[in-house]
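Q: Read left to right, the sequence shown gives residues 1 to 875 (full-length UniProt numbering).
Here it is, the structure in full.
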Amino acid sequence: MNAFKRDKKEEEDGGGNPFQNLEKTTVLQEARTFNDTPVNPRKCAHILTKILYLLNQSEQLSTMEATEVFFAMTKLFQCRDIVLRRLVYLGIKELSSLAEDVIIVTSCLTKDMTGKGDLYRAAAIRALCTITDGGMVAAIERYMKQAIVDRSPAVSSAALVSSLHLSRVSGDVARRWANEAQEALNSSNVMVQYHALGLLYQARKTDKHAVIKLVSKLTRTSPKSPYAACMLIRMACKILDEVDDDEELLGFISSCLRHKSEIVVYEAAHAWFNLGRVGTKEITPAISVLQLFCGSQRPAHRFAAVRTLNKVAMTHPGVVTACNLDLENLITDSNRSIATLAITTLLKTGAESSVDRLMKQIATFVSEISDEFKVVVVQAIRALCQKFPRKHAVLMNFLSAMLRDEGGPEYKTAIADTIIAVMEVNAEAKEAGLAHLCEFIEDCEHVSLAVRILHLLGVEGSTSKQPSRYIRFIYNRVILETASVRAAAVTALGHFAATCPPLLPNVLVLLSRCQLDSDDEVRDRAAYYCAVLQEQYGPTHLSLIQPPLLSIPSLERALRNYMQSTMEEPFDISQVPPAQMIEEPPQIEVHATVKPQPRLTREESFMEKFSQIPHLAVITRDSLLLKSSPVFELTESETEYNVKCIKHTFTDFLILQFDCVNTLSDQLLEDVRVAVESESYTILFEVPCPRLPYNEPGTTYTVLRYPADVRASVATLATTLKFMARDCDPATGIPDADQGYNDEYMLEDLEVTLADQIRGIWNRELDFSAAWEAAAAKGLTNLEETFALGPSVTSLEGAIQSLMGFLGLEAVERTNRGIKPGATSHTLLLSGIFRGGKEILARARLALSGSQVTMHLSVLSQDPEIVDLIISSVG
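So this is what it looks like as C-alpha cells:
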C-alpha cells in the first residue's frame, strides 16, 4: 500500500500537471526499466502512468514502438504489486489496437481471471476481452460463462459488460451466453442485474416478439435494481413506439411514477412525455412528479425536473402552467443553469404581462451562464416573439444586448436566426431588426455569419423605408473586412442599385471603387454588376444580380452530358433543378452543439443510387430528376408483405421505386417485381429484386414512359406484387431443396398526380407582378376559371394548403401565411416548372363566405396543354 502514499514534498507543491512536458522518446526509453530484475513497482508504475497519459493525449505510437512497449510491459506480470498490476491491465487495453501479437498475454490473463484474487479478476476479464478476436471467442467461452454467474459482483459485472463489447466482434456471443445472463438477472446486486438485462436485450433485440416476452415477464416482477428498472422503462417505450397501445406496458410505466427510487420516478416521467400518443390528461401525474422534484434539496433533481418541464412547455404549455409557482422560486437558484431553464420555461407558459419582469431578471445573470444555456434562452425568446408579437421591441433590445456580449459562433448564429425569424413574421420589427444587425456586423468576428447578414441586408434593406441608411454599413465591410465578406458586401450593393433606382448613380461610384480591390472575386463581382447596371435592363436587373441557386451536382451532370453531345443547340440551364432548401429542424432542447455536416439533397441522393444500378444508370445518365414524391403505402402495415412506392419524375419517363419487406419468417421470395397496368403509360422495363429474405428490405423498379398527350399523364395505375416463393427454415432462413412456386399479391392502386409532375420554384428576389406582366407580354397562354371548393375546405388556410399540395407549386412572396384573423379574402401567388422545364405562374383569389371557399384561379404558361391540364384537374 506504500504506492498510494504521496511524498510530503508532492503535497506541498500543490496543483499543476506533472506530465504536461512529457516527451514520447524519453518516456519510451524509460520503459526499458520494465526489463530490470527485480522489478521496481513504484518506478514502473510511474513510467506506465506516463505512457497511459501520452496515449490519452492522442500521442501517436508507431506499430514497432507500441509492440516494444507491450512486450516489455508483459514482464511486469511477475510482480504482485496491486497498483502496478491494475496499470498493466490498463496498458494492455490501450495498446491492444496498436501493437502486434497481443494474444501472447492470453494465458496470463486467463490465469488471473480464474484465480482466487478478486482484485485481479475483474480487470483481467476486461483486458482479455479487449484483445479477443472472433477466432478466440470459443477458447474463452467456458471461462466467461463461469465469470458471468460468479459470486463476486465485480467479476460478474465485468464479464457481462465485456460480453456486450464482444458482441461487436462475434454477433452471436450474447445469444450463446443468454442462459448465464438470465441467471445473473436474479442477482441481488443492483449493477449485476442492470448489466445482465443489457446483455439479454442485446441477445433478443432482433426478435421483436422475444423482446416483448422479456419485457412482459419483467414488468410483472419489477427489477430490484433501479438502473435495470430504468432500462426496462426504455425498452417498454421502444415497444410502444412499434405496436398499438399496450395497457400492460402503459400501466407499468405509470406504476414507476410511484417507485421508491427517484431515478426510476424521473425516468418514468420523462418516458411518459416522450410517448407521442398520450394527451394532456395522461401526462398530469408526470407533471405532478416533476413539480415535487422542483422543490428537492438536490440540485441534480431540480435541474432534471426543470429541463424536462422546459421541453414539455413547447408542446403542452397549459399543463406546465400548474408549476409556475415552483418555477418562480427557482429563478433565484444558486445554480445558474437551473435558473436559466426556469425562466425560459416561464417565458413559454407565462402571460404577456410577466414578460418584462422575467427579461429583467434573466438580464442580471445571463452573462454568467455558458453559451449552450444562452442558446436555450434565445430559443425561448424566439417562441415568445411568435406568441406575443407586441413585445417584439423589448425582446429585440434584449437580443441586441446579447449580440454585443462575448460568445461563440453557434451562440451568435442563434441570436441572428431569431432576429431574422422575428422580422419574417412581424413586419413592424423589420426596421429594428435590420438596425441591430447593422450594428453587429461592425464588430462581427465570424465570417459566415457576416456574409449571411450582408445578404439579408441586400434583400430586405433595399425594400425598407429608408434604404440609403444601410449603404454605409455595407460599404464599411468592403473597406475593413476579409475577401469573403467584401465579396458579399459588393453583392449587397448590387441589390440596392437594382431595386432602388434613386440610389443607382451613387452605388455605381462605390462599385467602381471596388474594381480596384486586391481580391479577384471582389473585382469580378464589382465589374459584372457595373456592366449589368449601366446597360439599363430595367426589371431584369434583379434576376441578373442574384440568379436562382442551382443544384451543383445536377449542374455538373448536365454540363457533362452536354459536352458529350453534338452541342449544336445552346445549353438550356432551365433544365437544371434548383438547390433544394433544407427545412430547419424543430427546436430541440439539447444542450450539446453539433456542427451540421454537408449533405446531398433528397433528389441528388436518389440519382447517386440510380447511377449504381446498371439498367437505371443508362436511362438516367442523360436526364435530370425533377422531383421525387413522398412515400406512398401500397399495403397495410399488418399484412404479410409491405410495399411502399416513391415516384421519381424525369422529363420523358417515370421511375417507380417499390421498397418491399417480407414479414413471413418461413418464406424466401425470389425474382420480386411489381407489375403495373395502365392504358396510357408505356412500360419500358423492370428491375426486379433477386432475393427478399425475412424482414430484410429490398427494392424493385419499374420504368414508365409518359404518354404523348399531357392530359393522359394524370392516371391511376393498377399494381400487383409478383414473385417466386420458397419455403425456408424460420430459424436459419435457409430455403428448402424443393423448387419454389410463382405467386402474386394484389396491391393498392397507385395514382400519378399533377403534383408529381410539377416542382415549385421561385427566385425570392424577383417581383411576381413584374414577372406576370412580362410573361403576359410574351403571349403566354393564360386561362382563368372560378371554382367552389369542396366541403372539406372550410377556411382560407385550409384552401391554401389543399391547393399547394394538389398543384405542387411553391408560394411566392410568403402569400401562404400571414392571414389575419377574421379575414374573408386572400390572394395566393404560385410558381413552378412542369417536367421539361416549362414555367408555370398561377394566381388564386380566395373568398370565404360562411364555411364555403370560392376560388378564382388564373394559370399562365408557355404550353397551352399544361394550362388546360391544371384547370381541368382542379375542376
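Backbone N, C-alpha and C fix where the C-beta goes; we use that ideal spot for every residue, glycine too.
1) From Ile-758, Ala-718, Asn-742, pick the residue whose C-alpha is nearest to that of Arg-726; which is it?
2) Which whole-angstrom value describes the C-beta separation of Glu-521 and Ala-489, a residue pair presumed to lie in contact below a C-beta threshold of 8 Å?
3) With distances taken between CB atoms, is the gap from Val-155 to Ser-163 smaller than 7 Å?
4) Determine the direct distance from the alpha carbon of Lys-644 to that of Trp-772, and round the result to whole angstroms.
5) Just how far apart, CA to CA, sit Lys-224 and Val-190?
6) Excluding the five sequence neighbours on either side, which residues of its own chain have a C-beta within less than 7 Å of the C-beta of Ile-646, listed in chain order?
7) Can you name, in chain order, every residue of its own chain whose Cβ lies under 7 Å from the Cβ of Ile-233, other than the five neighbours on each side?
8) Does the pairing of the stretch 800–816 with the stretch 774–787 give three or more beta-carbon distances under 8 Å?
9) Quick check: Lys-348 and Ala-380, are their CB atoms within less than 7 Å of each other?
10) Count the other CB atoms, across all protein chains shown, that sit within 10 Å of the CB of Glu-677; report buried if there are 16 or more and exposed otherwise.
11) From which residue to which residue does the beta strand (DSSP E) around His-826 run?
12) Using DSSP with H/G/I as helix, E/B as strand and the rest coil, what is Leu-796?
13) If we count the other Cβ atoms within 10 Å of its Cβ and call it buried at 16 or more, is residue 913 buried or exposed?
14) Leu-456 and Ala-497 - do their beta-carbons sit closer together than 7 Å?
15) May I have the straight-line CA-CA distance separating residue 905 from Arg-705, to the nearest angstrom?
16) Hey, Ile-833 and Asn-816: beta-carbon distance below 7 Å or not?
17) Tell me which residues share the same chain as Asp-738 and place their Cβ nearer than 8 Å to its Cβ, disregarding the 5 neighbours each side in the sequence.
18) Which same chain residues end up closer than 6 Å to His-856 when comparing Cβ atoms and leaving out the 5 residues on each side of it in sequence?
19) What is the rounded straight-line gap between the Cα of Ile-453 and the Cα of Lys-374?
20) Near Asn-561, which residues of its chain fall below 6 Å by C-beta distance, leaving aside the five closest residues on each side in sequence?
21) Within 10 angstroms of the Cβ of Leu-860, are there 16 or more other Cβ atoms? Answer buried if so, exposed if not.
22) Taking its Cβ as the centre, do 16 or more other Cβ atoms sit within 10 Å of Ile-734, making it buried, or is it exposed?
23) Where does Lys-50 land, buried or exposed, given buried means 16+ other C-beta within 10 angstroms?
24) On a Cα-Cα basis, can you pick out the residue from Met-402, Arg-357, Thr-106, Ala-123 that is closest to Glu-439?
25) Secondary structure at Ala-313, three-state DSSP: helix, strand or coil?
26) Report the three-state DSSP secondary structure of Thr-854 (helix, strand or coil).
27) I'd like the ranges of any alpha helix (DSSP H) spanning at least 4 consecutive residues and lying wholly in the stretch 704–786.
28) Is it right to say Pro-41 is buried, meaning 16 or more other beta carbons lie within 10 angstroms of its own, or is it exposed?
29) Assuming Val-192 contacts Ser-157 (C-beta within less than 8 Å), just tell me the rounded distance between them.
30) Should the stretch 497–508 be regarded as contacting the stretch 460–478, the criterion being three or more beta carbon pairs within less than 8 Å?
31) Tell me which residues share the same chain as Glu-670 and place their Cβ nearer than 6 Å to its Cβ, disregarding the 5 neighbours each side in the sequence.
32) Whose C-beta lies closer than 6 Å to the C-beta of Glu-30 among residues of the same chain, with five residues either side of it excluded?
33) Grab me the residues of Glu-406's own chain with a C-beta within less than 8 Å of its C-beta, minus the 5 sequence neighbours each way, in chain order.
34) Can you give me the Cβ contacts of Ala-313 inside the same chain, cut-off strictly under 6 Å, excluding the 5 residues immediately before and after it?
35) Just how far apart, CA to CA, sit Pro-707 and Val-714?
36) For the alpha helix (DSSP H) that Cys-230 lies in, which residues bound it at each end?
A: Quick answer:
1) Asn-742
2) No, Glu-521 and Ala-489 are not in contact; Cβ-Cβ is about 12 Å, not under 8 Å.
3) no
4) 39 Å
5) 7 Å
6) Ser-628, Ser-629, Val-631, Gln-657
7) Ile-253, Cys-256, Glu-267, Ala-268, Ala-271
8) no
9) yes
10) exposed
11) 825–834
12) helix
13) Within the shown structure, residues of the chain are numbered from 1 to 875, placing residue 913 beyond reach of any answer.
14) no
15) Because residue 905 is not part of the residues shown, which for the chain are 1 to 875, the question remains open.
16) no
17) Arg-726, Asp-727
18) Thr-786, Arg-845
19) 21 Å
20) Asp-622
21) buried
22) exposed
23) buried
24) Met-402
25) coil
26) strand
27) 768–777
28) buried
29) 5 Å
30) yes
31) Arg-691, Met-724
32) Ile-47
33) none
34) Val-320, Thr-345, Lys-348, Thr-349
35) 10 Å
36) 226–242
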